[in-house]
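Below is one structure; the comments refer to it alone.
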Amino acid sequence: SQELEQSPQSLIVQEGKNLTINCTSSKTLYGLYWYKQKYGEGLIFLMMLQKGGEEKSHEKITAKLDEKKQQSSLHITASQPSHAGIYLCGADSGGSNYKLTFGKGTLLTVNP
Amino acid sequence: DTAVSQTPKYLVTQMGNDKSIKCEQNLGHDTMYWYKQDSKKFLKIMFSYNNKELIINETVPNRFSPKSPDKAHLNLHINSLELGDSAVYFCASSPGGQIYEQYFGPGTRLTVT
C-alpha cells in the first residue's frame with residue numbers, strides 16, 4: 007500500500023518568514039493533493055498536482071511535484087498567522103479512483 | 392450555503408451503545424467518503440461510495456455500517472461502541488469517477504466513555 011511521509015512533523019516560524027513542507031511517497035504518484043486543516047474544522051482543498059515537474063501557486067502558497075512524481079513540496083512565502091494549521095498531503099496511486107491516502111500532517115504555527 | 396454538512400458535531404456516549412452520524416452534501420457529487428482521524432491527527436479512509444454503491448471498505452470492523460439512501464447522503468452507523476472508536480469522523484464528497492478535490496464536512500467528534 008502507498009505510504010506518504012511528511013516532514014517536518016511540526017514547524018514554528020515567525021510571521022513574514024518563508025517555509026517549506028515536504029511530502030514523499032513510497033510509490034509513484036498518480037495525483038498529489040494538498041489540504042489544510044484548522045483546529046476543530048474539516049479539511050480545505052489547496053491544490054492538486056498530477057504531472058511530473060508541475061508547479062501551482064495560489065496567493066502565497068506554491069506546490070511542486072518532482073519529475074519522478076514521488077515527492078512534493080509546499081512553500082509558503084511571507085507567512086502570516088492565517089497560514090497556521092495542519093497541512094496534509096494526500097495521494098492517489100491510480101489503482102483506484104476512490105481513495106486518497108494521507109500523510110500524517112505538518113502542524114504549522116506562525117508567531118506574530 | 393454549507394457544501395458538506397455532518398450531524399452531530401459532538402457525540403459523547405457510553406461503551407456498548409449504538410450511534411449514527413449523518414452526512415449530506417449539496418454539491419451534486421457522485422462520490423462520498425467517511426474518514427477517521429485519530430488522536431494523533433492521522434486521517435484514514437474508511438468507506439467510499441459512488442452513486443450509492445460501496446466502492447471501498449478499508450478493513451473497518453463490521454460494527455461500522457455505512458448507508459447511502461441517495462447520492463446526497465452517506466450516514467455512518469456504529470454498533471457496540473468501543474473506547475477505541477473515539478476519534479473525529481469526517482465525511483467528504485468529490486465529483487464522480489475521479490477524485491479531483493474532495494470537499495470535507497466539519498467533522499464529528501465522537502467520545503466513547
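Protein sequence lines correspond, in order, to chains R and G.
In terms of the numbering used here, the first sequence opens at residue 7 and continues consecutively.
In terms of the numbering used here, the second sequence opens at residue 392 and continues consecutively.
In this text, a Cβ means the ideal position worked out from N, Cα and C, and glycines have one as well.
(request) Given a cut-off of 9 Å, decide if residue 95(R) and residue 25(R) are closer than it, judged by their beta-carbon atoms. (result) Along the first sequence, read from residue 1 onward, the residue named residue 25(R) stands at position 19. Along the first sequence, read from residue 1 onward, the residue named residue 95(R) stands at position 89. Cβ distance not < 9 Å, so residue 25(R) and residue 95(R) don't count as in contact.
(request) Kindly confirm or deny that the segment 464-474 of chain G and the segment 70-90 of chain R touch, where touching means at least three C-beta pairs closer than 8 Å. (result) no
(request) Give me whichever residues DSSP pairs with residue 82(R) in a beta bridge. (result) Along the first sequence, one-based indexing puts residue 82(R) at 76. Residue 82(R) is bridged to 25(R), 67(R).
(message) So with CB distances below 9 Å, who are the chain G contacts of residue 67(R)?
(response) By 1-based counting over the first sequence, the position of residue 67(R) is 61. Taking the beta carbon of residue 67(R) as reference, no residue of chain G falls within 9 Å; the closest one sits roughly 15 Å away.
(message) Mapping the DSSP letters down to three states, classify residue 475(G) as helix, strand or coil.
(response) Working through the second sequence from its first residue, we reach residue 475(G) at position 84. Reduced to three states, the DSSP call for residue 475(G) is helix.
(request) Measure the C-alpha to C-alpha separation of residue 413(G) and residue 402(G) and round it to an integer number of angstroms. (result) In the second sequence, residue 413(G) corresponds to position 22, counting from 1. In the second sequence, residue 402(G) corresponds to position 11, counting from 1. So the two alpha carbons sit approximately 12 Å from each other.
(request) Starting from the C-beta of residue 502(G), find all residues in its chain whose C-beta is less than 6 Å away, skip the five residues before and the five after it, and write them out in chain order. (result) Residue 502(G) sits at position 111 when you count from the first residue of the second sequence. Hits under 6 Å: 403, 477.
(message) Quick test of your reading: residue 28(R) and residue 12(R), contact by CB under 8 Å. State the CB separation rounded to the nearest angstrom.
(response) Counting from one through the first sequence, the residue named residue 28(R) turns up at place 22. Counting from one through the first sequence, the residue named residue 12(R) turns up at place 6. That belief holds up - the Cβ atoms of residue 28(R) and residue 12(R) are roughly 7 Å apart, short of 8 Å.
(message) Contact defined as beta carbons within less than 8 Å: I believe residue 82(R) pairs with residue 67(R). What is the distance between those atoms, to the nearest angstrom?
(response) Residue numbering aside, residue 82(R) sits at position 76 when the first sequence is read from its first letter. Residue numbering aside, residue 67(R) sits at position 61 when the first sequence is read from its first letter. That belief holds up - the Cβ atoms of residue 82(R) and residue 67(R) are roughly 5 Å apart, short of 8 Å.
(request) Could you tell me whether any Cβ in chain G is nearer than 9 Å to the Cβ of residue 73(R)? (result) Within the first sequence, residue 73(R) is the residue found at index 67, counting from 1. No, residue 73(R) does not count as interfacial toward chain G.
(message) I'd like to know whether the C-beta atoms of residue 434(G) and residue 484(G) end up nearer to each other than 9 Å.
(response) Position 43 of the second sequence, counted from the first residue, corresponds to residue 434(G). Position 93 of the second sequence, counted from the first residue, corresponds to residue 484(G). No; because the gap between Cβ atoms is not below 9 Å, this pair is not in contact.
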